[in-house]
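In the UniProt record's numbering, the protein residues as written are 1 to 380. Every residue gets a Cβ at the ideal spot worked out from N, C-alpha and C, and that includes glycine. Please read all numbers here as calculations on a predicted model, not as lab measurements. Shown next, in structure tokens, is the structure this report addresses.
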Amino acid sequence: MSKLEELIAKLCPDGVEYRPLEQCCNILDRKRKPVTKSARERGKYPYYGANGIQDYVSDYIFDGTFVLVGEDGSVITKAGTPVVTWATGKIWVNNHAHIIEEIHGVLLRYLFYFIQTVNVTPLIHGNIPKLTGGDFKAIAIPVPPLPVQEEIVRILDNFTELTAELTAELTARKKQYEYYTDFLMSFGDNVKMVTLGEIGSVKMCKRILKSQTNTSDGVPFYKIGTFGKEPDAYISKELFDEYREKYPYPKKGDILISCSGTIGRTVVFDGSPAYFQDSNIVWLEHDETIVNNKYLLYCYKKQPWQISTGGTIARLYNDNILKAKIPVPPLAEQQRIVDILDRFDTLCNDISSGLPAEIEARQKQYEYYRDKLLTFKELS
1 MSKLEELIAK
11 LCPDGVEYRP
21 LEQCCNILDR
31 KRKPVTKSAR
41 ERGKYPYYGA
51 NGIQDYVSDY
61 IFDGTFVLVG
71 EDGSVITKAG
81 TPVVTWATGK
91 IWVNNHAHII
101 EEIHGVLLRY
111 LFYFIQTVNV
121 TPLIHGNIPK
131 LTGGDFKAIA
141 IPVPPLPVQE
151 EIVRILDNFT
161 ELTAELTAEL
171 TARKKQYEYY
181 TDFLMSFGDN
191 VKMVTLGEIG
201 SVKMCKRILK
211 SQTNTSDGVP
221 FYKIGTFGKE
231 PDAYISKELF
241 DEYREKYPYP
251 KKGDILISCS
261 GTIGRTVVFD
271 GSPAYFQDSN
281 IVWLEHDETI
291 VNNKYLLYCY
301 KKQPWQISTG
311 GTIARLYNDN
321 ILKAKIPVPP
331 LAEQQRIVDI
341 LDRFDTLCND
351 ISSGLPAEIE
361 ARQKQYEYYR
371 DKLLTFKELS
């Protein structure tokens with residue numbers, strides 16, 4: 001039996017009392033004060049809104065340790081729970097976040113964790129999502145004895161600390177990744193700079209008309225808004241087979257580039273059946289005995305694309321791409337650079353094996369134990 005189970009069996013075997021939130025803390029909403037952006041004087045004190053720090057200002061209205069809960073605007077997560085922030089020190093809070101402080105008998109840190117588990121979906125009202133003061137005060141809180149609260153907080157703090165350590169490591173690794181990218185991609189005069197037009201030509205898929213798409217069936221059709229994300233349009237298998245045969249189509253490993261929207265965004269084509277919006281998503285058809293495809297990807301990531309802004313929409317035209325210059329060392333050196341940067345990329349970005357995967361796993365573990373530890377039978 002764990003220490004927590006022993007404490008519950010000893011101190012509250014029949015359940016715990018549930019109280020409205022307003023009986024578990026001091027609610028300080030009346031002391032909040034909004035300040036328009038134009039009226040704020042820049043300073044060192046955090047200025048909090050519904051979903052965390054919005055700015056830094058020259059003065060403060062609270063000094064201590066507090067829990068902030070989003071009131072209106074960005075107040076609810078995808079899971080239907082509130083946006084909850086832990087805030088300490090001298091701070092300013094506007095009227096978009098409820099603010100509470102600790103009272104005797106209920107740990108503020110315990111409330112911080114419990115409020116994160118509350119489904120507030122039924123409490124959110126209005127065209128602009130709002131968790132009213134009345135609904136906020138009435139949220140039912142299980143209040144176990146203090147030793148139980150303390151043990152729950154200790155366990156959940158350990159999970160939180162581990163996630164914070166992993167996140168800090170990821171930040172450090174990303175900086176290291178950026179450093180090595182800059183270092184490895186910096187060449188002296190002994191490496192020739194060539195334009196992309198010297199090594200290849202820009203290709204794009206055949207234009208697809210809106211009437212040729214549907215929203216649910218067939219081969220995924222990626223537009224600029226869904227590039228690198230989930231598709232929301234499809235074309236028939238017959239049309240795909242016909243166009244892939246007759247018109248330019250990328251081969252597995254080609255680097256697709258976005259030419260509008262988020263300009264210069266890259267995706268390595270994995271070879272699975274898919275079609276791409278003409279002119280907005282293109283690739284360079286080139287001789288891979290001169291430039292390694294993966295090396296080209298890292299060149300793209302560092303490339304300061306010259307974007308044309310003469311029209312109403314900024315975009316990257318074929319001519320801009322073809323005039324861009326990249327360093328072209330021998331293939332063996334290209335591969336050495338790719339091998340090093342691939343390892344960093346996996347560590348920093350891979351959601352199946354890198355640090356992001358570890359952080360996601362720890363977050364799920366934390367949420368599971370948080371919900372489990374904060375579920376109590378109500379005392380009859």
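*Among all the DSSP beta bridges, which residues are the ones paired with residue 247?*
One-based indexing of the sequence shown puts residue 247 at position 247. Per DSSP, none; premise fails for residue 247.
*Looking only at C-alpha atoms, which of 25, 266 and 152 sits nearest to residue 293?*
For the purposes of this step, residue 293 is taken as residue 293 along the sequence shown, with counting starting at 1. Among 25, 266 and 152, the Cα nearest to that of residue 293 is on 266.
*What residue from 363, 368, 358 and 371 has the CA that sits closest to residue 169's CA?*
Taking the sequence shown and counting its residues from 1, one reaches residue 169 at position 169. Nearest C-alpha to residue 169: 358.
*Enclosing beta strand (DSSP E) for residue 25 [first to last residue]*: For the purposes of this step, residue 25 is identified with residue 25 of the sequence shown, where counting begins at 1. Note, residue 25: beta strand (DSSP E), 25 to 27.
_Pop quiz: residue 227 and residue 186 are said to be a contact at Cβ under 8 Å. What is the actual Cβ separation, rounded to whole angstroms?_
Position 227 of the sequence shown, counted from the first residue, corresponds to residue 227. Position 186 of the sequence shown, counted from the first residue, corresponds to residue 186. That pair is no contact at about 29 Å.
*Backbone CA spacing between residue 17 and residue 89 [nearest angstrom]*: Within the sequence shown, numbered from 1, the residue matching residue 17 stands at position 17. Within the sequence shown, numbered from 1, the residue matching residue 89 stands at position 89. Using only the alpha carbons, I get a separation of about 32 Å.
*Just to confirm, are residue 392 and residue 373 a CB contact at a threshold of 8 Å?*
As displayed, the chain neither begins before 1 nor continues past 380, which places residue 392 out of reach and without an answer.
_Given residue 202 as reference, the closest of 321, 113 and 182 once Cα atoms are compared_ = By 1-based counting over the sequence shown, the position of residue 202 is 202. Of 321, 113 and 182, the residue nearest in Cα terms is 321.
*Determine, using beta carbons only, whether residue 300 and residue 255 come nearer to each other than 8 Å.*
Indexing the sequence shown from 1 puts residue 300 at position 300. Indexing the sequence shown from 1 puts residue 255 at position 255. Cβ atoms of residue 300 and residue 255: closer than 8 Å.
_Residue environment, residue 209, which counts as buried when at least 16 other CB atoms sit within 10 Å_ = Along the sequence shown, read from residue 1 onward, the residue named residue 209 stands at position 209. Counting the other Cβ atoms within 10 Å of the Cβ of residue 209 gives fewer than 16, which makes it exposed.
*asked:* If the criterion is Cβ atoms closer than 8 Å, does the pair residue 57 and residue 109 meet it?
replied: As a first step, residue 57 is located in the sequence shown; it is residue number 57 there, counting from the start. As a first step, residue 109 is located in the sequence shown; it is residue number 109 there, counting from the start. 8 Å or more divides the Cβ of residue 57 from the Cβ of residue 109.
_According to DSSP, is residue 252 part of a helix, a strand, or is it coil?_
Counting from one through the sequence shown, the residue named residue 252 turns up at place 252. The answer is coil: DSSP assigns residue 252 none of H, G, I, E or B.
*Tell me whether the beta-carbon of residue 195 lies closer than 8 Å to the beta-carbon of residue 325.*
As a working mapping, residue 195 is identified with position 195 in the sequence shown. As a working mapping, residue 325 is identified with position 325 in the sequence shown. Yes, Cβ-Cβ distance for residue 195 and residue 325 is below 8 Å.
*Kindly indicate which three-state DSSP category residue 122 falls into: helix, strand or coil?*
Mapped onto the sequence shown, residue 122 falls at position 122. If DSSP states are grouped into helix, strand and coil, residue 122 belongs with the helices.
_Which listed residue (179, 67 and 140) has its alpha carbon closest to that of residue 102_ = On the sequence shown, position 102 is the one that residue 102 refers to. Residue 102 has its Cα closest to that of 67, out of 179, 67 and 140.
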